Amino acid sequence: MTRDIAVVAFAQTDHRRTSEDLSEVEMLMPVLHEVLDRTGLKTADIGFTCSGSSDYLAGRAFSFTLALDGVGAWPPISESHVETDGAWALYEAWTKLLTGEADTALVYSYGKSSPGSVRDVLTRQLDPYYLAPLWPDSVALAALQAQALIDAGHTDEPALAAFAARSREAARDNPHAQLRGPVPHGDHLVRPLRTGDCPPIGDGAAAVILAAGERARTLCPRPAWIRGVDHRIEAHGLGVRDLTDSPSTRLAAERAGAFERPVDTAELHAPFTAQEVVLRRALRLDDTVCVNPSGGALAANPIMAAGLIRIGEAAARIHRGESDRALAHATSGPCLQQNLVAVLEGDPR
Amino acid sequence: MSKEPVAVVGIGQTKHVAARRDVSIAGLVREAAVRALADAELTWADIDAVVIGKAPDFFEGVMMPELYLADALGAVGKPMLRVHTAGSVGGSTALVAANLVAARVHGTVLTLAFEKQSESNAMWGLSLPIPFQQPLLAGAGGFFAPHVRAYMRRSGAPDAVGSLVAYKDRRNALKNPYAHLHEHDITLEKVQASPMLWDPIRYSETCPSSDGACAMVLTDRAGAARAPRPPAWMLGGAMRSEPTMFAGKDFVSPRAGRDCAADVYRQAHIADPRRDIDAVEMYVPFSWYEPMWLENLGFAAEGEGWKLTESGVTELDGDLPVNMSGGVLSTNPIGASGMIRFAEAALQVRGQAGEHQVDGARRALGHAYGGGSQFFAMWLVGDQPPDA
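Protein sequences appear in the order of chains A and B.
Going left to right, the first sequence walks through residues 1 to 349 as UniProt numbering numbers them.
Going left to right, the second sequence walks through residues 1 to 388 as UniProt numbering numbers them.
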């Protein structure tokens, strides 16, 4: 017997280029309060808490321990942490709720990219013996992928520019976005990618609340039911992967039930324009699907929170009645190495 | 709601040493994983998902190393989840993996935790910068020594108790081929004559810095029925966290630890842990934490834990053996240390613990903690499946 589990609330910060004036805890606190307020729950009412973040962004070991102070973990709480995007924290919380050991879960994640050079920082997640010593940065690796897609005839530079323009136009309606409206497409940063093909670097946090069964209905007028979640990882070495494809995304989507019926909305975690080309093909999204109505990661990409935000944005559209069946995607690692897909549905209207 | 029972059918660990210069990080983790698969008589193809944990990424200087380790752990095309809950991570990682089986999301899961401490200096990796923590907080010992002092003052424990624990654990380690420290000439006098590092903690009462990995294969009822060796059954498991510092925090006996143990005992129908549990692997990085955790985990009344230690109850041949493997005091690849506790508890109830086997161990507790005594993870395993 399985349980129905839903996203019942979502909150996020305004994403900004820098938040020097705030500690991570100070950045996170308002989001935690907001998401709890939306359901009327208090920390002590939550059955399980799980977060996602990265010490390398904070520049110190055990940075998540201080964020826990912001949650107010007293009396002690049942809690865990993943050292990656909060979408995977949501996955851990979802499995916890499936076991029946908890009926509600708080999931949050955050990242401040502003204190360092995020392009340099992300090189440290590469193979430490063969790849990391060469310091290939995240934009250079994404450019390799973009060039492979152009060479394969899947896209071209004007098409990529159109992805960027559409995303930032959509972000006009998103008060939290960092980049919105007409954004200059700019010069080449690493060919073939121009600045406009790349995500903004910024700080931000997000939180969602999950609830099981009838509990979800009491907390949210139209819960976003999680019909399936799955995530898959690929080989790390870029030389052994076809960068024009994402078999892990396709497999995760299949296992999450994404192909069983059409979706009307897709929130994709594609920090670089060319990655949307890969994801659209892997997820079989055509023009009938509203892709990234929030503006996506091209409008705001707080690392470690951007994937959780995709799930939150998809759920929020269901809450508001703007979607009946939505797909949310999160990614981790260079050139879409690891991918998570969640399928969310509202009750029939 | 019914949960799927979770069984441990494979356990593997590396020989823990100060520096494994002969292998990469990938080579280290693969060694433990291959041994766990061999113990379960399974292949990589039998594994549905991988759950991996380690303590801070700064210890090896690799951000999110699970990305690079996907190939080495046969995870390509599979779900791979990374857990990080400070020193308790090895235990939390096993519990997250167990939940995947309990929730019936996956049938068979490989879980693994590791640390290759020789890649850096954990002492300074653990010395957090001001203004976040108090200054002059040199490593974990600097943080924990005042709390040991508080325990001694509160309980009236004699000064010698800490050295008794270290002497016991180091002797137990001689029976464990995987333990890092094999001090064949250990004596109580040597422990007591070792240099004072963080008063009252002496050099020989602290854990070493180790390179090592530990892996387990967890599976469902059907998987357990096919297992070649007796499985260990998970009878209860829980995590609890509390804030790092606040006015009401009891560093000697944190409430999160007490609540976590109570939850595990409730799940496992343990009425009296002292009587109902046969062996304990607890996270004791500094010797005095044995008596402190005996109280926190409900094996002794407040202020009485040191009496169990002093009277020999926690010796390998005692009434309640603690850290039969030699414990964290003999082996400490930080990120793996919690999982080693969980795995050693499972080895005991499977009857596979070799020279450090406790005769007739039917129920064993694995315990881990981390951060500023704020994160706790525990499981209780038995030789019989849960009744439910």
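C-beta: ideal position from N, C-alpha, C; glycine also.
If you're wondering where the values come from, they're calculated on a predicted model, not measured in any experiment.
- In terms of CA proximity to residue 77(A), 258(B) leads the group 325(B), 284(B), 316(B), 258(B).
- In this structure, the CA atom of residue 79(B) is about 27 angstroms from the CA atom of residue 117(B).
- By the neighbour-count definition (other C-beta atoms within 10 Å, threshold 16), residue 68(B) is a buried residue.
- Under the 7 angstroms criterion on CB atoms, residue 225(A) is classed as non-interfacial with respect to chain B.
- Taking the Cα positions, residue 381(B) is about 16 angstroms away from residue 93(B).
- About 6 angstroms separates the CB atoms of residue 199(A) and residue 298(A); that is less than 8 angstroms, so the two are in contact.
- Under the DSSP assignment, residue 123(A) falls outside any beta strand (DSSP E), being part of the alpha helix (DSSP H) whose first and last residues are 118-123.
- Using beta-carbon distances, residue 367(B) does not count as an interface residue toward chain A, since no partner is under 7 angstroms.
- Contact between residue 71(B) and residue 64(B) does not hold, since their C-beta atoms are separated by about 15 angstroms, which reaches or exceeds 8 angstroms.
- The Cβ of residue 144(B) sits no closer than 7 angstroms to any Cβ of chain A.
- The Cβ of residue 344(B) sits no closer than 7 angstroms to any Cβ of chain A.
- With contacts defined as CB atoms closer than 7 angstroms, residue 91(B) and residue 338(B) qualify as a contacting pair.
- Taking all protein chains shown into account, residue 156(B) has fewer than 16 neighbouring C-beta atoms within 10 Å of its C-beta and is therefore exposed.
- Per DSSP, residue 81(A) lies in no alpha helix (DSSP H) segment; the continuous beta strand (DSSP E) that holds it begins and ends at 79-82.
- Shown here, residue 353(B) sits in coil according to DSSP, grouped into three states, outside any helix or strand.
- Neighbours of residue 58(B) in chain A, taken as residues whose beta carbon is under 7 angstroms from its own, are 55, 61 in chain order.
- The stretch 268-282 of chain A makes contact with the stretch 321-338 of chain A; the number of CB pairs closer than 8 angstroms reaches 3 or more.
- If you draw a 10 Å sphere on the C-beta of residue 112(A), you find 16 or more other C-beta atoms in it, and that means buried.
- For residue 198(A), there is no enclosing beta strand (DSSP E), as DSSP marks it with neither H nor E.
- Interface annotation, residue 259(B): in contact with chain A, CB-CB separation under 7 angstroms.
- DSSP, reduced to helix, strand and coil, places residue 113(A) outside both helices and strands of the structure shown, so it counts as coil.
- Counting only residues of its own chain and dropping the five nearest sequence neighbours on each side, residue 228(A) has a CB closer than 6 angstroms to the CB of 256, 257, 343.
- Relative to the Cα of residue 274(B), the nearest Cα in the group 319(B), 268(B), 302(B) belongs to 319(B).
- As summarised for the stretch 189-265 of chain B, the continuous beta strand (DSSP E) elements at least 3 residues long and confined to that stretch are 196-198, 211-219, 232-241, given in chain order.
- For a Cβ distance threshold of 8 angstroms, residue set 65, 66, 68, 69 of chain A lies close to residue 244(B), ordered along the chain.
- The C-beta of residue 161(A) comes no closer than 7 angstroms to any C-beta of chain B.
- From the listed residues 107(B), 239(B), 306(B), 76(B), the smallest Cα separation to residue 159(B) is found for 306(B).
- According to the DSSP secondary-structure assignment, residue 12(A) is paired through a beta bridge with 206(A).
- The stretch 78-95 of chain A makes no contact with the stretch 139-147 of chain A: fewer than 3 CB pairs, one atom from each, lie closer than 8 angstroms.
- Chain-order list of chain A residues neighbouring residue 76(B): 233, 234, 235, by C-beta distance under 8 angstroms.
- In the three-state reduction of the DSSP assignment, residue 288(B) falls in the coil class, being assigned neither a helical nor a strand state.
- According to the DSSP assignment, residue 233(A) belongs to the beta strand (DSSP E) that extends over 224-233.
- Residue 151(B) counts as buried, since at least 16 other C-beta atoms from the protein chains shown sit within 10 angstroms of its C-beta.
- Non-local beta-carbon contacts of residue 98(A) in its own chain, meaning distances under 8 angstroms to residues more than five positions away in sequence, involve 2, 3, 5 in chain order.
- Under the three-state reduction of DSSP, residue 378(B) is assigned to strand.
- Against residue 269(A), chain B offers no close residue; the least beta-carbon distance is about 15 angstroms (beta-carbon pairs closer than 8 angstroms).
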